[in-house]
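With the first letter of the sequence shown counted as 1, position 183 gets the number 183 in full-length UniProt numbering; the numbers rise by one all the way through.
All C-beta atoms, glycine included, are put in the ideal place defined by N, C-alpha and C.
Please read all numbers here as calculations on a predicted model, not as lab measurements.
Okay, structure first, notes after.
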Amino acid sequence: MTSASPGRLHGQDSPRRQNWAGKSPQQVLDMYPPGRTPVNRVVDVLIELFNPLHTALEKTVSHKTRYERAHFLRRFFRELHTDAGFKLAPDPRNLGQRHVQAMVKVWQRRKLSPGTIQTYLSFLRGLAMWLNKPGFIRRPEHYGLTPDEYERHENAQRDKSWSGNGIDVEALLAQVSAYDARIGASMRLMVKVGLRRKESVMCRPYAHVHAFEETGLPDEQREADRYLWTKGKGGRARWLPLATEEQQSAIAHARSVVSGHDAHMGAPDRDLKSNLRRLDYALRKFGLTKRESGTTGHGARHDHLQGQYQDTTGTPAPVRGGGPVDQDLDRQARLRVARIAGHARLRSAGAYIGAVRRSPAGSRDPAQGETGKPGPRSIGDDGDTPVPIA
């Protein structure tokens with residue numbers, strides 16, 4: 001049986017055709033001429049050909065991205081007819097600016113968030129690249145979007161941590177553990193070590209813990225005797241120091257609920273998808289939703305990473321009302337937060353800890369000249385500094 005492409009939706013697409021063998025993507029597309037091939041079939045062909053691939057880098061994208069991009073593209077062309085007022089949706093190869101403009105107006109009526117609109121435009125840029133039309137998707141303002149409609153707030157505007165929203169973290173973990181020991185232990189790893197929900201479910205508390213000497217990290221980066229290995233977004237692996245008694249205790253507790261040395265935190269009779277659904281159900285059951293408590297499961301990482309910032313600077317994170325911090329110390333703390341979080345850019349730290357608060361008057365910003373006016377910017381001033389992942 002021929003397996004479906006990773007980017008396709010199981011049960012909704014026919015298997016990849018054998019007569020595509022040896023043909024280039026353009027030659028495959030030529031087999032489905034515009035005007036004579038149903039639009040949804042052409043969309044499916046494009047998804048099967050290109051969806052697993054990153055649009056800019058020589059690598060594949062995550063299954064989550066494949067699913068969301070495929071789902072969006074199918075819905076986009078369907079809604080050109082059902083919501084945007086076109087009698088017929090165009091063949092993707094004949095997509096025009098008027099079609100994009102019409103769908104942007106639909107998104108505006110729906111009051112979609114800036115992040116969602118940016119994601120949708122990114123998916124359309126990817127489609128344009130598949131069709132060899134780089135630059136086809138214009139900047140958001142070209143389509144009548146205002147900055148408030150498309151600019152993401154990269155720095156946290158409010159505290160999204162569990163404790164910052166009035167949650168008694170230890171009491172919550174105890175309640176969840178009584179309901180499901182594995183899920184309680186996974187959540188404890190999220191809070192104490194800073195793992196993402198998926199990372200916590202996939203964690204193997206025996207096999208993934210190693211002595212510092214086994215990590216390959218340089219001696220000057222040593223923070224603990226034992227480290228936890230994990231792999232996060234973009235396939236980036238990182239080593240997380242188990243430096244505190246709470247972290248060591250979280251690992252010991254995780255080991256007490258798994259069934260063997262190579263076991264992961266998920267229930268052994270469930271696959272990854274099912275285990276993640278079970279975890280998400282528990283989060284909702286115990287009120288960890290934005291509507292009910294003002295935070296979500298991701299707030300556990302906010303707690304941990306805000307703590308890392310405070311441990312480094314001696315001051316609460318800006319989003320928690322912490323005062324100005326020396327610029328070099330703030331930068332050191334943000335690099336640490338971004339590295340532990342598994343992000344590739346310094347500016348990502350702001351999503352957890354908030355925007356930089358400048359030092360009091362009299363402490364000159366090194367990026368300014370002697371007059372106090374902005375001087376030449378150095379690499380990384382805009383937060384784009386790459387973060388070395390330990």
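Rounded to whole angstroms, what's the CA-CA distance from Arg357 to Glu223? Just pull it up for me.
The count along the sequence shown starts at 1 and reaches residue 357 at position 357. The count along the sequence shown starts at 1 and reaches residue 223 at position 223. So the two alpha carbons sit approximately 27 Å from each other.
Please look up how many angstroms separate the CB atoms of Arg138 and Gly115, rounded, as I've assumed it's under 8 Å.
For the purposes of this step, residue 138 is taken as the residue at position 138 of the sequence shown. For the purposes of this step, residue 115 is taken as the residue at position 115 of the sequence shown. About 19 Å; that fails the 8 Å criterion.
Could you tell me the boundaries of the beta strand (DSSP E) in which Gln211 lies?
Taking the first residue of the sequence shown as 1, we reach residue 211 at position 211. Checking the sequence, you will find Ala at residue 211 rather than Gln. Looking at the DSSP string, the run of the beta strand (DSSP E) that includes Ala211 is Val209 to Ala211.
Determine the closest residue to Asp225 out of Ala211, Arg238 and Leu217, with distance taken between C-alpha atoms.
Counting from 1 along the sequence shown, the entry for residue 225 is found at position 225. Of the listed residues, the one whose Cα sits closest to Asp225 is Ala211.
Cα-Cα separation, Arg320 to Arg158
Against the sequence shown, residue 320 aligns to sequence position 320. Against the sequence shown, residue 158 aligns to sequence position 158. Each residue's CA atom was taken as its position, placing Arg320 and Arg158 some 8 Å apart.
Here's a check: name, in chain order, each residue in its chain whose Cβ is nearer than 6 Å to the Cβ of Val42, leaving out the five neighbours to either side.
Against the sequence shown, residue 42 aligns to sequence position 42. Cβ within range, chain order: Tyr32, Asp91 and Pro92.
Please list the terminal residues of the continuous beta strand (DSSP E) segment that includes Arg226.
Within the sequence shown, residue 226 is the residue found at index 226, counting from 1. Per DSSP, Arg226 belongs to the beta strand (DSSP E) from Arg226 to Lys231.
Buried versus exposed, by CB contacts within 10 Å (16 or more), Arg322
Reading the sequence shown from its first residue, position 322 is the one you call residue 322. For the record, residue 322 in the displayed sequence is Gly; it is not Arg. Under the 10 Å beta carbon count, Gly322 is surrounded by 16 or more other beta carbons and is classified as buried.
Find the nearest neighbour of residue 437 within the set Gly216, Leu279 and Ile353, judged by alpha-carbon distance.
The shown model of the chain, from 1 to 390, leaves out residue 437, and the question about it has no answer.
Report the option in Asp262, Val209 and Arg188 whose CA atom is closest to the CA atom of residue 393.
Here the chain comprises residues numbered 1 to 390, so residue 393 is not present and cannot be evaluated.
With DSSP run on the structure shown, which of helix, strand or coil describes Ala237?
Working through the sequence shown from its first residue, we reach residue 237 at position 237. It is a strand residue.
For the putative contact between Val45 and Leu29, defined by C-beta atoms under 8 Å, what is the C-beta separation to the nearest angstrom?
On the sequence shown, residue 45 is found 45 positions in, with the first residue counted as 1. On the sequence shown, residue 29 is found 29 positions in, with the first residue counted as 1. A Cβ-Cβ separation of about 7 Å places Val45 in contact with Leu29 under the 8 Å criterion.
Which stretch, first to last residue, makes up the alpha helix (DSSP H) that contains Arg197?
What you label residue 197 is simply residue 197 of the sequence shown in a count that begins at 1. From DSSP, the alpha helix (DSSP H) with Arg197 extends over Arg197 to Met202.
Could you tell me the distance, in whole angstroms, from the CA atom of His261 to the CA atom of Glu170?
Position 261 of the sequence shown, counted from the start, is the residue given in the question as residue 261. Position 170 of the sequence shown, counted from the start, is the residue given in the question as residue 170. About 27 Å.
Contact check, Leu53 vs Thr60, beta carbons under 8 Å:
As a first step, residue 53 must be located in the sequence shown, where it is residue number 53. As a first step, residue 60 must be located in the sequence shown, where it is residue number 60. Yes, they are a contact pair.
Ignoring anything shorter than 4 residues or poking outside the region 115-203, list the alpha helix (DSSP H) runs there in chain order.
147-150, 169-179, 181-192 and 197-202
Contact belief for Ala349 with Ala338 at Cβ below 8 Å, rounded distance in angstroms:
Residue 349 sits at position 349 when you count from the first residue of the sequence shown. Residue 338 sits at position 338 when you count from the first residue of the sequence shown. Yes, Ala349 and Ala338 are in contact; Cβ-Cβ is about 5 Å, under 8 Å.
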